[in-house]
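Visitor:
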Amino acid sequence: QARPGDRIADIGAGIGTFARALAVEGRDVTCVEPDARQSRVIVDAGRPVVADAAALADASFDFIYSLNVLEHIDDDHAAATTWVRKLKPGGRMLIYVPAFQMLYSSMDRQVGHCRRYRRQSLADVMRHAGLRVDRVRYADSAGFFATLAFKAVGNDSGTIDRRALVMFDRWVFPLSQLADKGLDRILGKNVVLTGVRA
1373 QARPGDRIAD IGAGIGTFAR ALAVEGRDVT CVEPDARQSR VIVDAGRPVV
1423 ADAAALADAS FDFIYSLNVL EHIDDDHAAA TTWVRKLKPG GRMLIYVPAF
1473 QMLYSSMDRQ VGHCRRYRRQ SLADVMRHAG LRVDRVRYAD SAGFFATLAF
1523 KAVGNDSGTI DRRALVMFDR WVFPLSQLAD KGLDRILGKN VVLTGVRA
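In this note's numbering, the protein residues as written are 1373 to 1570.
#1: Should the stretch 1446-1457 be regarded as contacting the stretch 1555-1566, the criterion being three or more beta carbon pairs within less than 8 Å?
#2: Where does residue 1561 fall in DSSP's three states?
#3: Taking all protein chains shown into account, do 16 or more other C-beta atoms lie within 10 angstroms of the C-beta of residue 1488, making it buried, or fewer, making it exposed?
#4: Rounded to the nearest angstrom, what separates residue 1416 and residue 1389 at their Cα positions?
#5: Within a Cβ cutoff of 6 Å, which residues of the same chain sit near residue 1507, ignoring the five residues on either side of it in sequence?
#6: Here's the rule: buried if 16 or more other CB atoms are within 10 angstroms of the residue's CB, otherwise exposed. What is residue 1377?
#7: Identify every run of the beta strand (DSSP E) within the stretch 1401-1478, keeping only runs that are complete inside it and at least 3 residues long; order them along the chain.
#8: Ignore the nearest five residues each way along the sequence and tell me which others in residue 1431's own chain have a CB closer than 6 Å to its CB.
#9: Starting from the C-beta of residue 1512, find all residues in its chain whose C-beta is less than 6 Å away, skip the five residues before and the five after it, and write them out in chain order.
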């Protein structure tokens, strides 16, 4: 989605993993990260960071992405409106969030999720914020069933067996990506949305 020369914002950057990968390619990336310890890692890596998207100048970015962040925010409508306002007219946005409230489990509570989304509910939030939605789809169809199984038989602590996670990523996720081509309008563990500011 990001193009050469784009000014990019990474909202909810964590320790800057994705921003660092883009910076290696010579991209201009500004991070938004409210956690002081994580933002210190970004600063130490020489990347610009602010604590709140509201501190960014309006209409100043060509591309904004946010990966697994919106579900943590109580007022997702207000947050989305702020994010869209930071895009230049014609600027593009990518949002990635967990899917299906029926999958909400102890793991979601453990990591501070306020909600999970369906394709339509995420599209509604982003359209209300002023984004013209180009595409919204589900991702990781196999993960849908794995998450459903965890909810059915998992523990109350929200912890996941690390070995099972590695095995899923290595053997199941590639197959899930193939299955997504036929199932991305029906189900998945996550929702991916792309859009443009008018």
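C-beta atoms are modelled at their ideal positions from N, C-alpha and C, and glycine is treated no differently.
Guide: So, from the data block:
#1: Judged by Cβ distances under 8 Å, the stretch 1446-1457 makes no contact with the stretch 1555-1566, as fewer than three pairs qualify.
#2: Coil at residue 1561, not helix or strand.
#3: Classification for residue 1488: buried.
#4: Distance between the alpha carbons of residue 1416 and residue 1389 is about 13 Å.
#5: Here the set comprises 1566.
#6: Exposed: under 16 other Cβ atoms inside 10 Å.
#7: Those beta strand (DSSP E) runs which fall completely within the stretch 1401-1478 and span 3+ residues are 1433-1439 and 1459-1470.
#8: Cβ within range, chain order: 1460.
#9: Answer for residue 1512: 1548, 1560, 1561 and 1562, listed in chain order.
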